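Undergrad: What follows is a single structure, and I will ask about it in a moment.
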Amino acid sequence: MKDFIMRTIIRNSLCLLLFAAAMAMTTPSLVAQEAPRVRYQEIPEGAYSVVAQVRAKPGKEDALRAATLPLIDLVRGDPKNLVYFLQEDRAKPGHFIFYEVFASQADFDAHNAMPYVQAWFAKLPELADGGVEVMRMAVLGVPKK
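Quick look at the structure:
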């Protein structure tokens, strides 16, 4: 009787585990459900975008990455930021590209004045090979509202 109960418990546990695994493969993850989406219709005509790049000094790739990664949540948490992507060149680790969209240049300037952005800029002389190269862009093809 004891063997029968143990086999039943194990069989039921395995069935439950397989069911949970099947559900996990067919259901979007909680992170994906909560992830913010780029809402193109909310980008205003005349939006101000920036493409910027910074390169790590040789041997400082990991340190620059560690200093830069926290910016993702901080910038995306800024209500004036519409889009923010931090990217790293796969062929050249330590070469980072930023893509940012703000409703206006004033919003971008306010972003750059934030203490966490200023603290990041203060770390660059030690970590970056040169400064940040910035291209100021105009967003084209904004959907009509």
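Plus 102 on top of the position in the sequence shown (first one is 1) and you've got this note's numbering.
The beta carbon of each residue, even a glycine, is placed where N, CA and C say it ideally should be.
Quantities reported herein were computed from a predicted structural model and do not represent experimental measurements.
On the three-pair Cβ rule with 8 angstroms, is the stretch 195-208 touching the stretch 175-187?
TA: yes
Undergrad: Just tell me which of E163, S206, V219, H213 has its CA closest to the CA of A193.
TA: To locate residue 193, count along the sequence shown from 1; it is residue 91. Minimum Cα distance to A193 is reached at E163.
Undergrad: On the criterion of 16 or more Cβ atoms from any shown chain inside 10 Å, does A240 qualify as buried, or is it exposed?
TA: One-based indexing of the sequence shown puts residue 240 at position 138. Exposed, by the Cβ-count rule.
Undergrad: Can you tell me which of the three DSSP states D164 falls into?
TA: On the sequence shown, position 62 is the one that residue 164 refers to. Helix, per DSSP.
Undergrad: So, helix, strand or coil for I145, using DSSP?
TA: Walking along the sequence shown from the start, residue 145 turns up at place 43. Three-state result, I145: coil.
Undergrad: Would you kindly report the start and end of the unbroken alpha helix (DSSP H) that includes V156?
TA: Your numbering for residue 156 matches position 54 in the sequence shown. Segment 150-157 is the beta strand (DSSP E) holding V156; no alpha helix (DSSP H) there.
Undergrad: For a quick check, are the C-beta atoms of L171 and G196 less than 8 angstroms apart?
TA: Translated into the one-based positions of the sequence shown, residue 171 becomes position 69. Translated into the one-based positions of the sequence shown, residue 196 becomes position 94. Going by C-beta atoms, L171 is not nearer than 8 angstroms to G196.
Undergrad: Please name the residue, chosen from E235, A205, K246, L242, that lies closest to Q155 on a Cα-to-Cα basis.
TA: Taking the first residue of the sequence shown as 1, we reach residue 155 at position 53. The candidate whose alpha carbon is nearest that of Q155 is E235.
Undergrad: Given that a residue counts as buried once 16 or more other Cβ atoms are within 10 Å of its Cβ, and exposed if not, what is Y142?
TA: As a first step, residue 142 is located in the sequence shown; it is residue number 40 there, counting from the start. Y142 is exposed by the Cβ-count criterion.
Undergrad: If you compare alpha carbons, which of A230, L173, N183 is closest to P146?
TA: Start at 1 with the first residue of the sequence shown, and residue 146 comes out as number 44. When A230, L173, N183 are compared, the shortest CA-CA separation from P146 is found for N183.
Undergrad: Please go through the same chain and pick out, in chain order, the residues whose beta-carbon is closer than 6 angstroms to the beta-carbon of K159, but skip the five residues on each side of it.
TA: Taking the first residue of the sequence shown as position 1, residue 159 is located at position 57. If the five residues before and after K159 are omitted, its C-beta is found closer than 6 angstroms to the C-beta atoms of D231, all from its own chain and listed in chain order.
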